[in-house]
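Engineer: Pasting a structure here, questions to come.
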Amino acid sequence: MELQVLLALDEEVKPGVAYPEILVELREKAKSEGLWNLFLPDEELGAGLTNWEYGMLCEVMGRSLVTPMVFNCSAPDTGNMEILAEYGTEEHKERWLGPLLNDHVRSCFSMTEPETSGSDPTGLAARAELDGGEWVINGHKWFTSGYNGADVAIVMVVTDPDAAPHKRASMICVPIDTPGFTGVRPVSVMGHDGGPGHWEVTYEGVRVPEDSLLGPRGDGFTIAQARLGPGRIHHCMRAIGSAERAFELMCERVHAREAFGGPLAEKQFVQDFIAKSRMEIDSARWMVLHAAWRMDTEGKRAARQDISMIKVIAAQMHQEVLDRAMQVHGALGMSDDVPLSLMWRQGR
201 MELQVLLALD
211 EEVKPGVAYP
221 EILVELREKA
231 KSEGLWNLFL
241 PDEELGAGLT
251 NWEYGMLCEV
261 MGRSLVTPMV
271 FNCSAPDTGN
281 MEILAEYGTE
291 EHKERWLGPL
301 LNDHVRSCFS
311 MTEPETSGSD
321 PTGLAARAEL
331 DGGEWVINGH
341 KWFTSGYNGA
351 DVAIVMVVTD
361 PDAAPHKRAS
371 MICVPIDTPG
381 FTGVRPVSVM
391 GHDGGPGHWE
401 VTYEGVRVPE
411 DSLLGPRGDG
421 FTIAQARLGP
431 GRIHHCMRAI
441 GSAERAFELM
451 CERVHAREAF
461 GGPLAEKQFV
471 QDFIAKSRME
481 IDSARWMVLH
491 AAWRMDTEGK
501 RAARQDISMI
511 KVIAAQMHQE
521 VLDRAMQVHG
531 ALGMSDDVPL
541 SLMWRQGR
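Here the sequence shown is numbered in the numbering used here, starting from 201 and rising by one per residue.
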């Protein structure tokens, strides 16, 4: 695939506007060429890549806001497919995983709540109780990523309120059209819709069969951790790809733009921007790849500390580099005439 074609899509994909037909065409081309579901290490379901190998591809995909969609590698579908592959029953896989892998349905992930701390999922308030062979779900969620256009939600809810903190919650598959499951509104993120849509949703007496439970009862936290570990590698490497693109735009700008009698590239302050950005991008890259290598060689549990570090370092690096790139572009950098401000918002 020509990266420039993918980057050009950024000029056509605007917030609130349907994706152009070329995106559909590129998805079909990617599928026909085997560039599809690259994130799954299972060779029968995906490309059979290691976390390190797929991380390198994530950096390339991170250069464009829409590239992950082309290869069916965009969140939250990726994380949902990973846990369906690992924890789903044969019925779950037939009903949801297969169609997700083949681009026939979409999914969303529903965990965060407005009333509880998003960084502490052990404190969730949404409940699910068994009643006559069905789970009855009641609760209030927001930042339900991917709700817009989804067919199924993977929901994290409390099923055992008296259990130990890390054994209180479970994951349940809930079809979007289930009565009582309501999308309240898309949550605006800094004036934009947040890409796939971060929705506020409510569950009011939502009833699904008992076998909708994903994985063992009480293992919601464990499954969430399994989902988020590889996902953080993916997000961090995409952030590095985004920062690399911003760095290139910054370098082009400082050579092309003149102020105070010479190009910006000759200004010491601007040179400091360039030097710091180069060091920060490269440092973050090696830390993320090291975390991916540890996951591949020692397992997710052994890499927990590395993953905790990279999710901070990569995010901070991205914000710093994007901010510098916007500054050297002046007022243009704040506008949507260049992708920098949107890249900054998405990263934030």
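Glycine is no exception: its CB is placed at the ideal position from the N, C-alpha and C atoms.
Could you have a look at Val406 and say whether DSSP puts it in helix, strand or coil?
Structural biologist: As a position in the sequence shown, residue 406 is number 206, starting the count at 1. Looking at Val406 - three-state DSSP - the assignment turns out to be strand.
Engineer: When you compare the segment 249–258 with the segment 430–443, are there three or more beta-carbon pairs, one atom per stretch, that lie closer than 8 Å?
Structural biologist: Yes, they touch.
Engineer: Tell me, which residues are paired with Glu458 by DSSP?
Structural biologist: Counting from 1 along the sequence shown, the entry for residue 458 is found at position 258. Glu458 is bridged to Pro463.
Engineer: Could you tell me whether the segment 305–322 touches the segment 341–359, using the rule of 3 or more Cβ pairs below 8 Å?
Structural biologist: These segments touch.
Engineer: With respect to 7 Å, is the separation between the Cβ of Leu284 and the closest non-hydrogen atom of the ligand FMN below this value?
Structural biologist: Here there are no bound small molecules, and the ligand FMN is not part of this structure.
Engineer: Pop quiz: Arg545 and Met437 are said to be a contact at Cβ under 8 Å. What is the actual Cβ separation, rounded to whole angstroms?
Structural biologist: Taking the first residue of the sequence shown as position 1, residue 545 is located at position 345. Taking the first residue of the sequence shown as position 1, residue 437 is located at position 237. Not quite, the Cβ-Cβ distance comes to about 19 Å (not below 8 Å), so this is no contact.
Engineer: Rounded to whole angstroms, what is the Cα-Cα separation between Val217 and Glu259?
Structural biologist: Taking the first residue of the sequence shown as position 1, residue 217 is located at position 17. Taking the first residue of the sequence shown as position 1, residue 259 is located at position 59. Confidence at Val217 is low in this model, with a pLDDT of 47, below 50, so its placement is unreliable and the value that follows should be read with caution. Distance between the alpha carbons of Val217 and Glu259 is about 26 Å.
Engineer: So, for Gly397: in the same chain, excluding its five sequence neighbours on each side, which residues have a beta-carbon less than 6 Å away from its beta-carbon?
Structural biologist: On the sequence shown, residue 397 is found 197 positions in, with the first residue counted as 1. Result list for Gly397: Tyr347, Asn348 and Pro386, in chain order.
Engineer: Please go through the segment 293–340 and give each complete beta strand (DSSP E) segment of 3 or more residues, from N-terminal end onward.
Structural biologist: Here the runs fully enclosed are 307–310 and 327–331.
Engineer: Can you give the Cα-Cα distance for Gln519 and Leu428, rounded to whole angstroms?
Structural biologist: Indexing the sequence shown from 1 puts residue 519 at position 319. Indexing the sequence shown from 1 puts residue 428 at position 228. Those two C-alpha atoms are separated by around 21 Å.
Engineer: Have a look at Val538 and Leu532 and give me their C-alpha separation to the nearest angstrom.
Structural biologist: Locating residue 538 in the sequence shown gives position 338, counting from the first residue. Locating residue 532 in the sequence shown gives position 332, counting from the first residue. So the two alpha carbons sit approximately 7 Å from each other.
Engineer: For Thr359, tell me which candidate among Met495, Leu330 and Arg295 has the shortest Cα-Cα distance.
Structural biologist: Indexing the sequence shown from 1 puts residue 359 at position 159. With distances taken between Cα atoms, Thr359 lies closest to Leu330.
Engineer: Go ahead and label Asp277 buried or exposed: buried means 16 or more other beta carbons lie within 10 angstroms of its beta carbon, across all protein chains shown.
Structural biologist: The residue labelled residue 277 in the question sits at position 77 within the sequence shown. The residue in question, Asp277, is buried, as its Cβ has 16 or more Cβ neighbours within 10 Å.
Engineer: What would DSSP say about Trp236, mapped onto helix, strand or coil?
Structural biologist: Against the sequence shown, residue 236 aligns to sequence position 36. In this structure, Trp236 counts as coil in the three-state DSSP scheme.
Engineer: Apart from the five residues on each side of it in sequence, which residues of its chain come closer than 7 Å, Cβ to Cβ, to Ala426?
Structural biologist: The sequence position of residue 426 within the sequence shown is 226, counting from 1. The answer, listed in chain order, is Ile283, Glu286 and Lys500.
Engineer: Determine the closest residue to Arg445 out of Asn280, His340, Trp335 and Ser541, with distance taken between C-alpha atoms.
Structural biologist: Taking the first residue of the sequence shown as position 1, residue 445 is located at position 245. The shortest Cα separation from Arg445 among Asn280, His340, Trp335 and Ser541 belongs to Ser541.
Engineer: Could you spell out the range, first to last residue, of the beta strand (DSSP E) harbouring Phe381?
Structural biologist: Counting from one through the sequence shown, the residue named residue 381 turns up at place 181. Element bounds for Phe381: Phe381 to Pro386.
Engineer: Along the chain, where does the beta strand (DSSP E) containing Pro361 start, and where does it finish?
Structural biologist: To locate residue 361, count along the sequence shown from 1; it is residue 161. Unbroken run through Pro361: none, as it is neither H nor E.
Engineer: Look at the alpha carbon of His292 and the alpha carbon of Val305, and state the distance between them as a whole number of angstroms.
Structural biologist: Along the sequence shown, read from residue 1 onward, the residue named residue 292 stands at position 92. Along the sequence shown, read from residue 1 onward, the residue named residue 305 stands at position 105. Each residue's Cα considered, the two are about 13 Å apart.
Engineer: Given a cut-off of 8 Å on the beta-carbon distance, is the pair Cys617 and Leu238 in contact?
Structural biologist: Because the chain in this structure spans residues 201 to 548, residue 617 falls outside the shown range and cannot be described.
Engineer: Relative to the alpha-carbon of Gly562, which residue among Val336, Lys341 and Lys476 has its alpha-carbon at the smallest distance?
Structural biologist: Only positions 201 to 548 of the chain appear in the structure, and residue 562 is not among them; the question remains open.
Engineer: Have a look at Ser412 and Lys231 and give me their C-alpha separation to the nearest angstrom.
Structural biologist: As a position in the sequence shown, residue 412 is number 212, starting the count at 1. As a position in the sequence shown, residue 231 is number 31, starting the count at 1. So the alpha carbons of these two residues sit roughly 30 Å apart.
Engineer: Measure the Cβ-Cβ separation of Phe421 and Pro314 and say whether it is below 8 Å.
Structural biologist: For this step, residue 421 is matched to residue 221 along the sequence shown. For this step, residue 314 is matched to residue 114 along the sequence shown. Their beta carbons are not under 8 Å apart, which means Phe421 does not touch Pro314 by this criterion.
Engineer: Measuring CB atoms only, is the segment 477–494 touching the segment 400–420, in the sense that at least three cross pairs come out at less than 8 Å?
Structural biologist: No, the segment 477–494 is not in contact with the segment 400–420.
Engineer: Give me the Cα-Cα distance between Val266 and Gly332, rounded to the nearest whole angstrom.
Structural biologist: For the purposes of this step, residue 266 is taken as the residue at position 66 of the sequence shown. For the purposes of this step, residue 332 is taken as the residue at position 132 of the sequence shown. Roughly 44 Å between the two C-alpha positions.
Engineer: Which two residues bound the contiguous beta strand (DSSP E) that contains Cys373?
Structural biologist: The residue you call residue 373 lines up with position 173 of the sequence shown. Its beta strand (DSSP E) spans residues Ala369 to Pro375.
Engineer: Between the Cα of Ala475 and those of Leu489, Asp506 and Val521, spot the shortest distance and give me the residue it belongs to.
Structural biologist: As a working note, residue 475 is residue 275 in the sequence shown. Residue Val521 is the option with its Cα nearest to Ala475.
Engineer: With respect to the alpha helix (DSSP H) encompassing Cys258, which residues constitute its N-terminal and C-terminal limits?
Structural biologist: Start at 1 with the first residue of the sequence shown, and residue 258 comes out as number 58. Cys258 -> alpha helix (DSSP H) spans Asn251 to Met261.
Engineer: Leaving aside the five residues before and after Val514 along the sequence, list all residues of the same chain whose C-beta is less than 7 Å from its C-beta, in chain order.
Structural biologist: For this step, residue 514 is matched to residue 314 along the sequence shown. This sequence places Ala at residue 514; Val is not what is there. So the list reads Cys436, Ala439, Ile440, Ala484 and Val488, once near-sequence residues are dropped.
Engineer: Report buried or exposed for Arg494, applying the criterion of at least 16 other Cβ atoms within 10 angstroms of its Cβ.
Structural biologist: Residue numbering aside, residue 494 sits at position 294 when the sequence shown is read from its first letter. So Arg494 counts as buried.
Engineer: Please tell me whether Val528 and Met479 are closer than 8 Å, where the distance is taken between their beta carbons.
Structural biologist: Numbered from its first residue, the sequence shown carries residue 528 at position 328. Numbered from its first residue, the sequence shown carries residue 479 at position 279. Cβ atoms of Val528 and Met479: not closer than 8 Å.
Engineer: Between which two residues does the alpha helix (DSSP H) carrying Asn280 extend?
Structural biologist: Along the sequence shown, read from residue 1 onward, the residue named residue 280 stands at position 80. Start and end: Asp277 to Tyr287.
Engineer: Hey, Ile481 and Met517 are a contact pair by Cβ (cut 8 Å); roughly how many whole angstroms apart?
Structural biologist: In the sequence shown, residue 481 corresponds to position 281, counting from 1. In the sequence shown, residue 517 corresponds to position 317, counting from 1. Confirmed, about 6 Å.
Engineer: Classify Thr497 as buried or exposed, calling it buried when 16 or more other Cβ atoms lie within 10 Å of its own Cβ.
Structural biologist: In the sequence shown, residue 497 corresponds to position 297, counting from 1. Counting Cβ neighbours within 10 Å, Thr497 comes out exposed, since fewer than 16 surround it.
Engineer: Taking the DSSP output, what are the residues bridged to Leu414?
Structural biologist: Stepping through the sequence shown from its first residue, residue 414 is reached at position 214. Per DSSP, Met371.
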